[in-house]
Amino acid sequence: MGETLYVVAYDVADNRRRARLAKELLGFGQRVQWSVFECRLEPPRRARLSKVIAAQIDPTEDVVHIYRLCGSCAPRVATHGLTTRDFTHDEEPGDDALIV
């Protein structure tokens, strides 16, 4: 079985946990928004992703959604607007940031 596209979106309450999770997720895919990653994964890496997430979050305060895009859906993903923003640095959005 080949790679499947997953979208990982999270809301982590604690700054330190959020930064650690984001750093871990960089090893699985590309950051496309401050709290959203796109990851192309084969089944063993997908299983590893869930373990890494579980180890980084507090399930009483945080939430992580993993959306699987099927093979026929992934090519239909549309992006509108700025697509070249650099999300590779550690800076977090400021108080005036709108995160969707």
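Each residue of the sequence shown is one higher than the one before, starting from 24 at the first, in my numbering. Ideal Cβ placement from N, Cα and C applies to all residues, glycine included.
Original post:
Candidates Glu84, Gly50, Leu105 and Pro67: which alpha carbon is nearest Gly25's?
Top reply: Pro67
Original post:
What is the rounded straight-line gap between the Cα of Asp81 and the Cα of Val30?
Top reply: 20 Å
Subject >> Backbone secondary structure at Glu26 - three-state DSSP >> reply: coil
Original post:
Between the region 84-98 and the region 29-47, do three or more beta carbon pairs fall short of 8 Å?
Top reply: yes
Subject >> Selected residue, minimal CA-CA separation from Ile76, among Leu28, Leu48 and Thr27 >> reply: Leu48
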